[in-house]
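With the working numbering, the residue at position 86 of the sequence shown is 87, and numbering never jumps. Okay, so here's the structure we're looking at.
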Amino acid sequence: MSPVFNAYAALALAIVFEVTASALLQQSAQFTRPWPTLGMVLLYVASFYALSVAIRVVPLSIAYAIWGGVGIILTATVSFVLFRQILDAAAFVGIGLIVSGVVVINLFSETTVR
2 MSPVFNAYAA LALAIVFEVT ASALLQQSAQ FTRPWPTLGM VLLYVASFYA
52 LSVAIRVVPL SIAYAIWGGV GIILTATVSF VLFRQILDAA AFVGIGLIVS
102 GVVVINLFSE TTVR
């Protein structure tokens with residue numbers, strides 16, 4: 002496997018860990034439930050470790066934009082599916098702008114790794 006593929010795989014893993022940790026943050030009930038709290042802490046640590054692996058190859062600004070953008074979309078989806086939290090039109094527009102920004106960075110920026 003190429004280093005670029007491995008970096009983006011690590012980035013994808015970082016995103017999955019972060020989104021899962023965020024869902025557990027909701028379940029921790031302000032850190033009063035020990036198991037969701039422990040899972041959340043471990044997954045956030047794993048997410049940052051995987052992100053650190055990704056930025057060995059992918060520039061930090063690009064990796065963080067992807068991590069944040071995709072993480073926001075997935076977290077909003079998980080929030081809707083698991084917790085029935087409904088977004089309004091302004092939230093959808095904002096998420097759309099984030100997605101647009103990530104797409105522009107990946108398609109047109111000379112900073113990205115190919």
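All C-beta atoms, glycine included, are put in the ideal place defined by N, C-alpha and C.
{"Asked": "DSSP-derived helix/strand/coil call for I16", "Found": "helix"}
{"Asked": "Buried/exposed call for M41, threshold 16 Cβ in 10 Å", "Found": "buried"}
{"Asked": "Proximal residues to T112 (C-beta, below 8 Å), its chain only, five neighbours per side dropped", "Found": "P60, S62, I63, I106"}
{"Asked": "Spatial distance of I22 from G70 (CA atoms)", "Found": "Before going further, note that residue 22 is Ala rather than Ile in the sequence given. Distance between the alpha carbons of A22 and G70: 16 Å."}
{"Asked": "Close-in-space but distant-in-sequence residues of the same chain around Q86 (CB under 7 Å, 5 per side omitted)", "Found": "S80"}
{"Asked": "For Q28, the three-state DSSP class (helix, strand or coil)", "Found": "helix"}
{"Asked": "Neighbour-count burial assignment, A91, 16 or more Cβ in a 10 Å radius", "Found": "exposed"}
{"Asked": "Rounded C-alpha distance that separates Y9 from Y50", "Found": "13 Å"}
{"Asked": "Test item: CB-CB of V58 and V5 under 8 Å", "Found": "yes"}
{"Asked": "Where the alpha helix (DSSP H) containing M41 begins and where it ends", "Found": "35-55"}
{"Asked": "Beta carbon of G1 nearer than 8 Å to that of A66", "Found": "The structure shown has nothing for residue 1, since the chain only spans 2 to 115."}
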